[in-house]
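Numbering (our numbering), first residue to last: 159 to 617.
Have a look at the structure below, then the notes.
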């Protein structure tokens with residue numbers, strides 16, 4: 159049984175129910191049938207993410223973007239700063255790091271790029287790029303293993319082969335990259351600190367990582383909230399970050415991506431303290447900002463990929479996976495979205511499920527913004543709505559099986575680690591398949607909209 163921690167002890171709705179469960183725990187929701195995906199599609203998205211031959215993959219492009227001051231603090235970001243208080247605070251920290259000329263010699267990114275297969279075009283289109291708190295690496299491995307074991311026992315009856323479920327070692331691979339970053343920091347007594355939310359609902363996915371680091375690599379981890387880091391943290395003259403008296407080699411964020419993680423100035427002080435330190439940040443403030451929707455929209459603009467890539471074929475392959483992304487400055491697109499709102503999604507800057515705008519609410523929001531004539535539109539982007547194939551599956555929610563129509567999303571985990579000019583890791587690290595009821599707009603397992611799944615490869 160997979161367990162997701164829930165310290166809230168209140169009804170969360172959607173797919174999780176607290177009745178008849180041990181207080182403070184709930185079962186992780188999952189699908190009992192794998193999602194079918196072709197070998198070619200699976201290989202294609204993995205190749206795009208990391209370096210394949212001479213190609214600079216998306217991971218390396220992200221790294222180069224973090225070093226472009228104009229990209230993170232340019233016109234689009236400055237407009238967003240005026241209307242999005244949360245992103246504004248992140249940009250303020252980034253500006254302070256530029257002012258003090260803070261050098262990040264060891265740079266670590268643990269990312270996930272999410273895709274859906276569009277039924278009409280038969281293209282795998284990128285839904286979003288996550289650069290902070292990419293969860294479920296550990297649980298996705300367990301679900302793949304569970305499905306493989308089930309098909310090993312019952313596959314012949316179903317006409318399915320367990321060997322068609324690709325191995326998924328996302329949890330181990332993420333842990334190994336964190337260990338490599340810890341090694342580069344070169345302080346054997348230092349710890350890896352996991353920054354967590356005060357009322358963490360996904361603690362056991364995180365605990366699996368801590369156990370992995372301790373048992374397989376003999377590295378100690380700390381779990382601290384931003385408020386605890388403010389209270390217990392200090393910066394030594396050489397830049398070493400001490401928390402509760404222990405030197406921190408790597409700061410791994412599983413919190414800090416949403417405004418509710420910063421209820422007071424104490425949390426922002428903690429974020430700044432960590433950013434000023436010599437600890438390896440995962441992510442650094444620049445990596446966090448590269449994951450905002452506005453930067454992703456800029457990356458999809460004409461001639462932007464050309465700044466990083468020379469090979470036209472490579473550019474075409476990556477651009478082919480981009481869904482349509484537009485600024486609300488594009489009046490023609492805004493007009494189309496008002497006329498046909500079901501073809502678009504409005505997305506804000508921040509991560510976490512439940513923030514997107516769909517359907518007639520797209521039209522209403524755009525009309526309101528036009529009437530008010532303010533700059534709030536800079537807080538959003540418009541994205542082409544992807545319509546994936548719908549298929550029947552069996553969900554397990556609160557231990558109860560339920561058949562429904564579903565759609566799926568494929569996330570490819572990726573890791574990028576470099577020390578100065580030396581690239582140590584640039585590779586994909588397994589996958590996360592999530593499935594949800596086809597009538598649901600939003601996604602996200604931790605947010606309560608989707609369930610964990612795995613891949614079954616077909617020809």
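By construction, the Cβ of each residue, glycine as well, lies at the ideal position given by its N, Cα and C atoms.
Chain C beta carbons: is any one of them nearer than 8 Å to that of residue i?
i: residue 381; result: Here chain C cannot be found, since the structure has a single protein chain.
Rounding to the nearest angstrom, what Cα-Cα distance links residue i and residue j in this structure?
i: residue 283; j: residue 272; result: 8 Å
i: residue 296; j: residue 612; result: 13 Å
i: residue 413; j: residue 315; result: 44 Å
i: residue 330; j: residue 518; result: 43 Å
i: residue 458; j: residue 480; result: 7 Å
i: residue 370; j: residue 328; result: 12 Å
i: residue 332; j: residue 240; result: 36 Å
i: residue 597; j: residue 503; result: 15 Å
i: residue 610; j: residue 498; result: 32 Å
i: residue 616; j: residue 319; result: 10 Å
i: residue 418; j: residue 218; result: 31 Å
i: residue 353; j: residue 317; result: 45 Å
i: residue 565; j: residue 313; result: 23 Å
i: residue 443; j: residue 311; result: 47 Å
i: residue 556; j: residue 268; result: 30 Å
i: residue 433; j: residue 355; result: 18 Å
i: residue 277; j: residue 516; result: 19 Å
i: residue 274; j: residue 562; result: 19 Å
i: residue 567; j: residue 222; result: 27 Å
i: residue 363; j: residue 242; result: 31 Å
i: residue 608; j: residue 257; result: 42 Å
i: residue 179; j: residue 554; result: At residue 179 the pLDDT is 36, less than 50, meaning the model places this residue with poor confidence; the figure from the coordinates comes in the next sentence. Straight-line Cα distance between these residues: approximately 15 Å.
i: residue 382; j: residue 351; result: 7 Å
i: residue 334; j: residue 377; result: 11 Å
i: residue 474; j: residue 431; result: 41 Å
i: residue 184; j: residue 325; result: The predicted model places residue 184 with a pLDDT of 42, which falls under 50 and marks its position as unreliable; any figure quoted below should be read in that light. Approximately 27 Å, taken between the alpha carbons.
i: residue 372; j: residue 300; result: 19 Å
i: residue 215; j: residue 484; result: 23 Å
Would residue i and residue j qualify as a contact pair, given that the criterion is a beta-carbon distance under 8 Å?
i: residue 594; j: residue 541; result: no
i: residue 408; j: residue 366; result: no
i: residue 463; j: residue 476; result: yes
i: residue 349; j: residue 380; result: yes
i: residue 445; j: residue 291; result: no
i: residue 494; j: residue 281; result: no
i: residue 399; j: residue 435; result: yes
i: residue 322; j: residue 614; result: yes
i: residue 491; j: residue 428; result: no
i: residue 543; j: residue 500; result: yes
i: residue 559; j: residue 570; result: no
i: residue 589; j: residue 189; result: no
i: residue 426; j: residue 247; result: yes
i: residue 521; j: residue 539; result: no
Taking residue i as the reference, which of the options has the closest Cα?
i: residue 456; options: 444, 482, 474, 472; result: 482
i: residue 359; options: 294, 319, 396, 386; result: 294
i: residue 341; options: 320, 582, 269; result: 582
i: residue 344; options: 298, 374, 438; result: 438
i: residue 249; options: 259, 230, 258; result: 230
i: residue 374; options: 337, 496, 364, 569; result: 337
i: residue 536; options: 220, 225, 238; result: 238
i: residue 286; options: 562, 426, 454; result: 454
i: residue 420; options: 523, 221, 376, 245; result: 245
i: residue 507; options: 467, 471, 288; result: 288
i: residue 396; options: 460, 260, 216; result: 260
i: residue 592; options: 216, 270, 467; result: 270
i: residue 415; options: 523, 572, 513; result: 513
Let's see if you can read the secondary structure: which residues bound the alpha helix (DSSP H) around residue i?
i: residue 244; result: 243-257
i: residue 362; result: 361-375
i: residue 515; result: Careful: residue 515 lies outside any alpha helix (DSSP H) and carries neither H nor E.
i: residue 310; result: 295-316
i: residue 343; result: 328-343
i: residue 465; result: Looking at the DSSP string, residue 465 is not in any alpha helix (DSSP H), and its letter there is neither H nor E.
i: residue 619; result: The chain is shown from 159 up to 617; residue 619 falls before or after that span and cannot be answered.
Along the chain, where does the beta strand (DSSP E) that runs through residue i open and close?
i: residue 469; result: Looking at the DSSP string, residue 469 is not in any beta strand (DSSP E), and its letter there is neither H nor E.
i: residue 379; result: 379-382
i: residue 588; result: 580-595
i: residue 549; result: 549-555
i: residue 616; result: 613-616
i: residue 576; result: 558-577
i: residue 439; result: 438-440
i: residue 275; result: 264-275
Problem - At least 3 beta-carbon pairs within less than 8 Å: the region 517-536 vs the region 565-581 - result: Too few Cβ pairs lie closer than 8 Å, so no.
Exercise for the section: Would you check if there are 3 or more beta carbon pairs closer than 8 Å linking the region 301-308 to the region 401-414? Expected result: With the cut-off at 8 Å, the region 301-308 and the region 401-414 do not touch.
Handout entry: contact_flag[the region 438-456, the region 382-391] where n(CB pairs < 8 Å) is 3 or more
Key = No, the region 438-456 is not in contact with the region 382-391.
Exercise for the section: Indicate whether the contact test is met: 3 or more Cβ pairs, each with one atom in the region 564-576 and one in the region 260-268, closer than 8 Å. Expected result: Contact between the region 564-576 and the region 260-268 is present, because at least three Cβ pairs lie under 8 Å.
Problem - Sufficient close CB pairs (3 or more, under 8 Å) joining the region 245-257 to the region 543-550 - result: Under the three-pair Cβ rule at 8 Å, the region 245-257 does not count as touching the region 543-550.
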